[in-house]
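Report on the following structure.
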Amino acid sequence: NAGVMQNPRHLVRRRGQEARLRCSPMKGHSHVYWYRQLPEEGLKFMVYLQKENIIDESGMPKERFSAEFPKEGPSILRIQQVVRGDSAAYFCASSPRTSGGAETQYFGPGTRLLVL
Amino acid sequence: QKEVEQDPGPLSVPEGAIVSLNCTYSNSAFQYFMWYRQYSRKGPELLMYTYSSGNKEDGRFTAQVDKSSKYISLFIRDSQPSDSATYLCAMGGGGGSNYKLTFGKGTLLTVNP
Numbered sequence: 001n002a003g004v005m006q007n008p009r010h011l012v013r014r015r016g017q018e019a020r021l022r023c024s025p026m027k028g029h030s031h032v033y034w035y036r037q038l039p040e041e042g043l044k045f046m047v048y049l050q051k052e053n054i055i056d057e058s059g060m061p062k063e064r065f066s067a068e069f070p071k072e073g074p075s076i077l078r079i080q081q082v083v084r085g086d087s088a089a090y091f092c093a094s095s096p097r098t099s100g101g102a103e104t105q106y107f108g109p110g111t112r113l114l115v116l
Numbered sequence: 117q118k119e120v121e122q123d124p125g126p127l128s129v130p131e132g133a134i135v136s137l138n139c140t141y142s143n144s145a146f147q148y149f150m151w152y153r154q155y156s157r158k159g160p161e162l163l164m165y166t167y168s169s170g171n172k173e174d175g176r177f178t179a180q181v182d183k184s185s186k187y188i189s190l191f192i193r194d195s196q197p198s199d200s201a202t203y204l205c206a207m208g209g210g211g212g213s214n215y216k217l218t219f220g221k222g223t224l225l226t227v228n229p
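Residue numbers (our numbering), protein chains in the order written: chain H, 1 to 116; chain X, 117 to 229.
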């Protein structure tokens, strides 16, 4: 059973370009979460998606960032007009369900974005 | 005050030592608590999770939660060089959402052979 897959693993962009990060959840998982890990910082929640729905985007910057999880295909985190401050590791996690009890999220290997 | 505080270390111990890693938190609404291990340039890997005060043991790892003190710990017995990694505490269930994890910054551990 393949784990959470993310690609690309490394992405270099120049200021002003667009970055597209992809995440394929574990088989059987329909919930996807994106987190960002800035240098010297802990992982910060960005957005929670289910198929074709954004459930909670309270951690997303208001501008330039968007996320989707279409009916078919991977989840996409899109960053438009990247700036140097966007350089970070972006992790995707998936889970099989949301329950009232313990919630386990399985993380992918991350995409390391470097903005020149 | 940050919601989750974790000493970033680094922590260096000899092989076989008992390691103690700790986090404190301020949000009393947190309901469940996790420890993740992250190797360099890899994603976090879930080690332990619990949602009650007390101890939970799994092999060489013991997770301890004290909700009254808002303090959690991870103990590693008979530490091995392969345990060298960054350990992240994470908490969830605060603020009405069960899914939003709040992480500490992580503690970098090195186990020397």
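For every residue, glycine included, the Cβ atom is placed at its ideal position computed from N, Cα and C.
Just so we're clear, the structure is a prediction, and the values are computed from it rather than from any experiment.
C-beta contact flag for residue i and residue j at 8 Å
i, j, result
"L127 of chain X", "W151 of chain X", "no"
"A67 of chain H", "L49 of chain H", "yes"
"F219 of chain X", "V135 of chain X", "no"
"W34 of chain H", "M46 of chain H", "yes"
"T140 of chain X", "K172 of chain X", "no"
"L225 of chain X", "A206 of chain X", "no"
"V115 of chain H", "S87 of chain H", "yes"
"T104 of chain H", "Y90 of chain H", "no"
"G108 of chain H", "G159 of chain X", "yes"
"K221 of chain X", "Q122 of chain X", "yes"
"Y155 of chain X", "T166 of chain X", "no"
"F177 of chain X", "I192 of chain X", "yes"
"R20 of chain H", "I76 of chain H", "yes"
"M5 of chain H", "S30 of chain H", "no"
"G16 of chain H", "Y106 of chain H", "no"
"C92 of chain H", "V12 of chain H", "no"
"L163 of chain X", "T223 of chain X", "no"
"R14 of chain H", "P74 of chain H", "no"
Neighbour list for residue i in chain X, Cβ cutoff strictly below 7 Å
i, result
"Q105 of chain H", "L217"
"Y90 of chain H", "Under the 7 Å cutoff, chain X gives no residues; its nearest Cβ is about 11 Å from Y90 of chain H."
"F45 of chain H", "K216, L217"
Contact list for residue i against chain H, beta-carbon separation under 7 Å
i, result
"Y203 of chain X", "By Cβ distance, chain H contributes nothing, its closest Cβ being about 12 Å from Y203 of chain X, past 7 Å."
"S213 of chain X", "D56"
Contact set for residue i: own chain, Cβ-Cβ below 7 Å, skip 5 residues either direction
i, result
"P130 of chain X", "N228"
"P70 of chain H", "E52"
Close Cβ partners of residue i (< 8 Å) along its chain, the five nearest in sequence each way excluded
i, result
"A133 of chain X", "S195, V227"
"G101 of chain H", "Below a pLDDT of 50, predicted positions are generally treated as unreliable, and G101 of chain H, at 41, falls in that range; the measurement from the model is reported next regardless. Here the set comprises nothing."
"E18 of chain H", "R78, I79, Q80, Q81, V82"
Amino acids of chain X, ordered along the chain, whose beta-carbon sits closer than 8 Å to that of residue i
i, result
"E41 of chain H", "K221"
Same chain, Cβ closer than 6 Å to residue i, neighbours up to 5 away in sequence not counted
i, result
"R97 of chain H", "none"
"R36 of chain H", "K44, M46, A88, Y90"
Amino acids of chain X, ordered along the chain, whose beta-carbon sits closer than 9 Å to that of residue i
i, result
"P8 of chain H", "What P8 of chain H touches in chain X: nothing, since even the nearest Cβ is about 14 Å away."
Neighbour list for residue i in chain H, Cβ cutoff strictly below 8 Å
i, result
"K158 of chain X", "P109, G110"
Under 9 Å from the C-beta of residue i: neighbouring residues of chain H
i, result
"L162 of chain X", "T104, Q105, Y106, F107"
Could you pull out every unbroken alpha helix (DSSP H) segment of at least 4 residues lying fully inside the stretch 189-219 of chain X, listed in chain order? none
Quick one: complete beta strand (DSSP E) runs, 3+ long, within the stretch 8-44 of chain H? 10-13, 19-24, 31-37
Output the residue ranges of the beta strand (DSSP E) runs that lie fully inside the stretch 60-109 of chain H and measure 3 residues or longer, sorted by chain position. 65-68, 75-79, 88-95
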